[in-house]
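Asker: In our numbering, each residue carries its 1-based index in the sequence shown increased by 251.
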Amino acid sequence: MAKRSVRALDVAHKRVLVRVDFNVPLDNGRVSDDTRIREALPTIQYLIDQGAKTILCSHLGRPKGQVVESMRLTPVARRLTELLGRPVQMAPDCVGHEVEAAVALMQPGDVYLLENLRFHPEEEQNDPDFARQLAALADIYVNDAFGAAHRAHASTEGVAHLLPAACGFLMEKELRYLGEVRDHPQHSFLAIIGGAKVSDKIGVLQRLLEQVDRLLIGGGMANTFLLAQGRAMGASLVETDKVPVAQDLLRQFPQKLVLPSDLVVTQRIEADATFQVVEGNVPEGFAAVDIGEKTQGRFAQEIGVAKTIFWNGPMGVFEKPPFDRGTLAVANAVASSGATSIVGGGDSVSAVQRSGVADKITHISTGGGASLEFMEGRALPGVEALPDV
Ligand code: ADP
Ligand code: MG
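#1: Spatial neighbours of residue 339 within its chain, please: CB distance less than 7 Å, with the 5 preceding and 5 following residues excluded, ordered by chain position.
#2: With a CB to CB cut of under 6 Å and the five nearest residues on each side skipped, what residues in its chain are close to residue 489?
#3: Within its chain, find whatever has a CB closer than 7 Å to the CB of residue 454; leave out the 5 residues flanking it on each side and keep chain order.
#4: Sorted by chain position, which residues of the same chain lie with C-beta nearer than 6 Å to residue 276's C-beta, five sequence neighbours on each side aside?
#5: Just to confirm before moving on: does the CB-CB distance between residue 522 and residue 572 stay below 7 Å?
#6: Measuring alpha carbon to alpha carbon, tell me which residue in 606, 592, 554 and 268 is nearest residue 584.
#7: Helix, strand or coil for residue 301? Go by DSSP, reduced to three states.
#8: If you draw a straight line from the C-alpha of residue 512 to the C-alpha of residue 458, how long is it?
#9: Output needed for residue 480: all residues of its chain with C-beta closer than 8 Å, excluding positions within five of it in sequence on either side, in chain order.
#10: Please specify which runs of the beta strand (DSSP E), each continuous and at least 3 residues long, are wholly inside the region 391-477, giving them in chain order.
#11: Along the chain, where does the beta strand (DSSP E) containing residue 270 start, and where does it finish?
#12: Quick one, what's near ligand 2 if you take every residue whose CB is closer than 5 Å to any heavy atom, in chain order?
#13: Taking 6 Å as the cut-off, is the C-beta of residue 454 nearer than that to any heavy atom in ligand 1?
#14: With the cut-off set at 7 Å, would you say residue 591 and residue 290 are in Cβ contact?
#15: Residues bridged to residue 341 by DSSP?
#16: Starting from residue 325, trace the alpha helix (DSSP H) both ways and give me its first and last residue.
#17: If you run the structure through DSSP and keep just helix, strand and coil, what is residue 614?
#18: Please state whether the Cβ-Cβ distance between residue 506 and residue 537 is less than 7 Å.
#19: Under the assumption that residue 579 contacts residue 539 (Cβ atoms under 8 Å), give the Cβ distance between them as a whole number of angstroms.
#20: Exposed or buried, residue 401, counting other C-beta atoms within 10 Å across all chains shown (16 or more means buried)?
#21: Can you give me the start and stop residues for the beta strand (DSSP E) that residue 510 sits inside?
#22: Have a look at residue 278 and residue 322 and give me their C-alpha separation to the nearest angstrom.
#23: In whole angstroms, what is the alpha-carbon distance linking residue 441 and residue 466?
#24: Between residue 374 and residue 256, which are expected to be in contact by the criterion C-beta below 8 Å, what is the C-beta distance as a whole number of angstroms?
#25: Between 493, 464, 262 and 428, which has its C-alpha nearest residue 447's C-alpha?
#26: Contact between the region 368-384 and the region 603-623 is defined here as three or more beta-carbon pairs at a separation below 8 Å; is this criterion met?
#27: Roughly how far, in whole angstroms, is the beta-carbon of residue 391 from the beta-carbon of residue 265, given that I think they are within contact range, below 8 Å?
#28: Please confirm whether any heavy atom of ligand 1 lies closer than 6 Å to the CB of residue 573.
#29: Going by DSSP, what residues sit across from residue 563 in a beta bridge?
In structure tokens, the structure reads:
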């Protein structure tokens, strides 16, 4: 069911509270990756153009309900000012008299950024009183924070029930692309799942296996499956307690699951460490850290014939070259395939961005955990709370 869009509301001269995902990495008081800020620009610019009074709110990091100086949103206000080419005023807090007084002075077209929502423990508790205080600042609520939609917090869930609500353009785009792939994928439908652990992704594996024609497994997660097949894995990252689950899935979906054949193994998981490639058992003291070239070739072949691709999780320890080769090979294969391609997951997205082929991917999701929960078929509280069209 589609959700009401901000386009459907009359926002002119109204105070519009917008939940954005400005949970960006900071380095020495500067925003070191502004992707999430850029992704929110279409909604913010639209509100400015419509003559709304735009009140932005977000969390940043995990301050656990107290003020943490290094987690203030001031660097975000600075970067947003540059990107918009107009001043963005930074609030001293996200609720309270001072903030209310500043909002009362706002003019149409003004942009005001509230301080980190998680400086208040009530945010994550979805406290009704805190939600009421946020709602009191505005006439309309817009949620554009897909990356936080899997959390039922005051700013993502509670407040949505207290004001006329709608989704922003980024939220809309995420729901459209991910919804299309989840509910109406064109076949042949291929999923590529990697990353560290099986335990993080069992739900999505099970759900995807029902729908896909093939599911390629790489990364640390493949190790547990290979162990389940009886391969020795040496010092590799494995989850022994997940071997039964892996065995179950292998039994249920023998045609669909494709595991790595050759593996890159090393004694030191460090950049530029020496390595070997093995096809059978991983020797004692060695850890599997990437898929080998044979596997890359096999995966590329599967990618080449797919019409729809969903990819989550790197194929190896891509942060430490040369163990990024498998992930880069998959990124290139996905980019040059003619398929509709969706990439989700924090590390997967940074890997794709590093590969230099990000512009050839149909949709790169901003929601790490949220995109996985969505693909799993779980209801996202931040989305559920918004009215249907
Ligand atoms: P995403 O954020 O895209 O969902 P994950 O967080 O599940 O991905 O996994 C990313 C992490 O998995 C990276 O830090 C990467 O180094 C690690 N990883 C991938 N392959 C391996 C491996 N073979 N052994 C250990 N860690 C791995
Ligand atoms: Mg991750």
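Even glycine gets a Cβ: it sits at the ideal position worked out from N, Cα and C. As the structure is a computational prediction, the values presented were derived from the model and not from experiment.
Answerer: Taking the geometry as given:
#1: The beta carbon of residue 339 sits closer than 7 Å to those of 328, 331, 332, 362 and 364, all from its chain and outside the five residues before and after it, given in chain order.
#2: Excluding sequence positions up to five before and after residue 489, its CB lies within less than 6 Å of the CB of 474, 475 and 478, all in the same chain and listed in chain order.
#3: These residues qualify, in order along the chain: 627.
#4: 283 and 284
#5: yes
#6: 554
#7: Of the three classes helix, strand and coil, the one that applies to residue 301 here is coil, per DSSP.
#8: 24 Å
#9: 501 and 510
#10: 391-394, 416-418, 440-444 and 465-468
#11: 266-270
#12: Those residues that have a beta carbon less than 5 Å away from any non-hydrogen atom of ligand 2 are, in order along the chain, 597 and 598.
#13: no
#14: no
#15: 364, per the DSSP bridge assignment.
#16: 325-335
#17: strand
#18: Going by C-beta atoms, residue 506 is not nearer than 7 Å to residue 537.
#19: No, residue 579 and residue 539 are not in contact; Cβ-Cβ is about 17 Å, not under 8 Å.
#20: buried
#21: No beta strand (DSSP E) contains residue 510, which DSSP labels as neither H nor E.
#22: Rounded to whole angstroms, residue 278 and residue 322 show a C-alpha spacing of 11 Å.
#23: 6 Å
#24: With 8 Å as the limit, residue 374 and residue 256 do not qualify as a contact, their Cβ atoms being about 25 Å apart.
#25: 493
#26: no
#27: The distance from the Cβ of residue 391 to that of residue 265 is about 5 Å, consistent with a contact at the 8 Å cut-off.
#28: no
#29: 444
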